[in-house]
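Residue numbering for the sequence shown follows the numbering used here, beginning at 35 and increasing consecutively.
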Amino acid sequence: MPLQGPQRRLLGSLNSTLPATPYLGLTTNQTEPPCLEVSIPDGLFLSLGLVSLVENVLVVTAIAKNRNLHSPMYYFICCLAVSDLLVSMSNVLEMAILLLLEAGVLATRASVLQQLDNVIDVLICGSMVSSLCFLGGIAVDRYISIFYALRYHSIMMLPRVWRAIVAIWVVSVLSSTLFIAYYNHTAVLLCLVTFFVAMLVLMAVLYVHTLARACQHARGIARLHKRQHPIHQGFGLKGAATLTILLGVFFLCWGPFFLHLSLLILCPQHPTCGCVFKNFKLFLTLILCSAIVDPLIYAFRSQELRKTLQEVLLCSW
Numbered sequence: 035m036p037l038q039g040p041q042r043r044l045l046g047s048l049n050s051t052l053p054a055t056p057y058l059g060l061t062t063n064q065t066e067p068p069c070l071e072v073s074i075p076d077g078l079f080l081s082l083g084l085v086s087l088v089e090n091v092l093v094v095t096a097i098a099k100n101r102n103l104h105s106p107m108y109y110f111i112c113c114l115a116v117s118d119l120l121v122s123m124s125n126v127l128e129m130a131i132l133l134l135l136e137a138g139v140l141a142t143r144a145s146v147l148q149q150l151d152n153v154i155d156v157l158i159c160g161s162m163v164s165s166l167c168f169l170g171g172i173a174v175d176r177y178i179s180i181f182y183a184l185r186y187h188s189i190m191m192l193p194r195v196w197r198a199i200v201a202i203w204v205v206s207v208l209s210s211t212l213f214i215a216y217y218n219h220t221a222v223l224l225c226l227v228t229f230f231v232a233m234l235v236l237m238a239v240l241y242v243h244t245l246a247r248a249c250q251h252a253r254g255i256a257r258l259h260k261r262q263h264p265i266h267q268g269f270g271l272k273g274a275a276t277l278t279i280l281l282g283v284f285f286l287c288w289g290p291f292f293l294h295l296s297l298l299i300l301c302p303q304h305p306t307c308g309c310v311f312k313n314f315k316l317f318l319t320l321i322l323c324s325a326i327v328d329p330l331i332y333a334f335r336s337q338e339l340r341k342t343l344q345e346v347l348l349c350s351w
C-alpha cells in the first residue's frame with residue numbers, strides 16, 4: 035500500500051518527514067505519555083557534517099598519495115571514505131539550502147527547487163547504499179585475508195576488486211534513482227530495510243567467525259610456547275572488544291534510521307510510531323556520526339596511513 039502525505043518522501047527535505055501528518059505532534063489524549071523528541075541544533079548538524087568532510091578527504095588524500103596503500107583493503111576503505119564524504123556533503127548541502135530558504139536569502143522557482151531536491155535525495159540515498167556496501171566489502175576482504183591467506187592475492191586480484199567497486203557504485207546510483215522515483219511504494223522501504231539487515235548479518239557472521247579463528251590460532255601459539263591461559267584470555271577479550279566496537283557502531287549509527295523506515299511500513303498511523311518519526315533529524319545525525327567514526331575504526335588505525343597523513347599535513351603548512 036503506498037504511503038500517503040508528505041511523509042511519502044523517502045529522504046526529501048528534512049522538514050518533510052518531521053511534520054508529515056497530524057499524528058506526529060503530541061497526542062491530545064491525556065492518558066498517553068508525551069513523545070520524547072531530541073532536538074538537534076542546526077549548527078551542530080552542520081558542524082558534524084563538516085568534520086566528516088575533512089576527515090574523509092584526508093583519508094582519500096593519504097591513500098591516493100601513498101603507493102604502499104594501493105591494495106584491495108585500502109581501496110575499499112578509500113571508497114568507504116568517498117561514500118561517507120558524499121553522505122556528509124549531501125546532508126550538509128540540504129540543510130544549508132533549507133536554512134537559506136527559511137532566511138529568505140535564496141529564492142528560486144518551485145520546479146527548480148523540486149529538481150534540486152530530487153538530485154540531493156538521489157545523492158543521499160546512493161551514498162548511504164554505497165557506504166553499507168563498502169562496509170560489507172571490508173568485512174569480506176578481512177575474512178578472505180584470514181581464512182584464505184595463501185590464496186588471498188589470487189582471489190582479491192586488482193582487476194576483480196576494481197570491477198566489484200565499479201559494480202557497487204553503479205548499483206548504488208541506479209537503485210537510489212529507482213528508490214526516489216518510486217518513493218511512494220512500500221516496496222522501496224522494504225528493500226532498504228532488507229538490505230540493511232543483510233549487511234548487518236553479513237558483517238556479524240564474518241567478524242564473529244574471524245574472531246573465533248583468531249582465538250583458535252592464539253590457543254595454538256599458547257600451547258606451542260607453553261604460555262599461561264590468562265594471555266589467551268586477554269587476547270580473546272581484546273578481540274571481543276574490537277568486534278563489539280565494529281558491530282556496535284554500525285548498529286547504533288545506522289539502526290535508528292532503518293527502524294524509522296521499518297515503522298513507516300508497520301505502523302505509519304500509530305501515535306507511538308509517530309513519536310519515533312519526530313526524531314528523524316536525530317537519525318540522520320547518527321549517520322553523520324558514523325561517517326566521522328568510520329575513519330577512526332578502519333583508516334586511522336593504520337600506522338602507514340597515519341604516517342602519510344602526517345606528511346600531507348606538514349606539506350600543507
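Quick reminder that beta carbons are idealized off the backbone N, C-alpha and C, glycines included. It should be emphasised that the depicted structure is a prediction, and the values quoted were computed from it without experimental measurement.
In the three-state DSSP reduction, Y108 falls in the helix class (H, G or I). Between S210 and I158, the CB-CB gap stays under 9 Å. For R143, the three-state secondary structure derived from DSSP is coil.
Here L223 really is in contact with I299; their C-beta atoms are around 5 Å apart, less than 8 Å. Nearest neighbour of A221 by Cα position, chosen from L295, T244, C113 and E338, turns out to be L295.
Distance from the CA atom of H187 to the CA atom of E89, rounded to whole angstroms, is 30 Å.
In its chain, beyond the 5 residues on either side, V195 and I199 have a beta carbon closer than 7 Å to the beta carbon of Y109. Classified as buried, T342 has 16 or more neighbouring CB atoms from the shown chains inside 10 Å of its CB. For Y241, the CB contacts under 7 Å within the same chain, skipping 5 residues up- and downstream, are A173, L277, L280 and L281 in chain order. Counting every other CB atom within 10 Å of its CB across the protein chains shown gives G160 a total of 16 or more, marking it as buried.
A direct Cα-Cα distance of roughly 31 Å separates T95 from F181. For N90, the enclosing alpha helix (DSSP H) covers residues D76 to K99.
Distance from the Cα of G171 is smallest, within the candidate group M107, G138, L135 and S145, for M107. Scanning its chain for C-beta atoms nearer than 7 Å, with the 5 sequence neighbours on each side dropped, one finds around N313 the residues E71 and V72, in chain order.
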